[in-house]
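All remarks here apply to the structure that follows.
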Amino acid sequence: MSPGTGAPAVDWNGRLAAARSEEFAELCHEAVTEDFGAVARLHQMLETASRWCRAHGARSSASKLDALADRVTDLGEELHLVGEDVGHEIHSRSHRAAAATRIFPVVSVRGTSVGHQNDAPAPFSQPTVRSLPRTR
Numbered sequence: 020m021s022p023g024t025g026a027p028a029v030d031w032n033g034r035l036a037a038a039r040s041e042e043f044a045e046l047c048h049e050a051v052t053e054d055f056g057a058v059a060r061l062h063q064m065l066e067t068a069s070r071w072c073r074a075h076g077a078r079s080s081a082s083k084l085d086a087l088a089d090r091v092t093d094l095g096e097e098l099h100l101v102g103e104d105v106g107h108e109i110h111s112r113s114h115r116a117a118a119a120t121r122i123f124p125v126v127s128v129r130g131t132s133v134g135h136q137n138d139a140p141a142p143f144s145q146p147t148v149r150s151l152p153r154t155r
């Protein structure tokens, strides 16, 4: 548990570093923008500090904290968009890789007939290379 929050402490750095391609975008979204994500928690902390400053007569500091909270909100929106881009890039790359595998399947270097092993390497021919369409 995280101290004083009742929310579970999560090692987002470790989880992101160990993430598989298909789960990275969702983990990144959770780590950054979900209710207990980094941006939301930082925003909440800045608002709490601002209220404390106002209650204790430190109005200038409260205003600065409010401005920082607004910047964190903007940063959170940008991070959300980057997370979406990461998801699209990973999804697009995995589709291109799958298409390339279908176009150029892996073949055995040895003989292809069952029960007959040919120790001579199979002739290697260079496949025709087609450029894939680029996004952006």
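Under this note's numbering, the first residue of the sequence shown carries the number 20, and numbering increases by one thereafter.
Positions of the beta carbon are idealized from the N, C-alpha and C atoms, including for glycine.
Residue i Cβ short of 7 Å to the ligand ATP heavy atom set
i: Arg78; result: In the structure on display, the ligand ATP does not appear, and there are no ligands present to speak of.
Supposed close pair residue i, residue j - CB separation, criterion 8 Å
i: Val91; j: His62; result: 5 Å
i: Thr52; j: Leu98; result: 7 Å
Within 8 Å, strictly: CB atoms of residue i and residue j
i: Ile109; j: Ala57; result: no
Pairwise C-alpha distance: residue j and residue i
i: Gly102; j: Glu49; result: 10 Å
i: Asp54; j: Leu84; result: 20 Å
i: Ala107; j: Leu46; result: The identity of residue 107 in the sequence shown is His, whereas the question assumes Ala. Computed Cα separation, rounded: 14 Å.
i: Ser79; j: Arg70; result: 12 Å
i: Leu100; j: Ala77; result: 35 Å
i: Leu94; j: Ala74; result: 27 Å
i: Arg60; j: Ser111; result: 32 Å
i: Arg34; j: Asp89; result: 28 Å
i: Ala36; j: Val29; result: 13 Å
i: Trp31; j: Ser82; result: 31 Å
(message) My parser needs the beta strand (DSSP E) runs of 3 or more residues fully inside the segment 22-76; what are they?
(response) none
(message) Can you confirm whether the segment 55-66 touches the segment 35-44 when touching is taken to mean that 3 or more C-beta pairs between the two stretches lie within less than 8 Å?
(response) no
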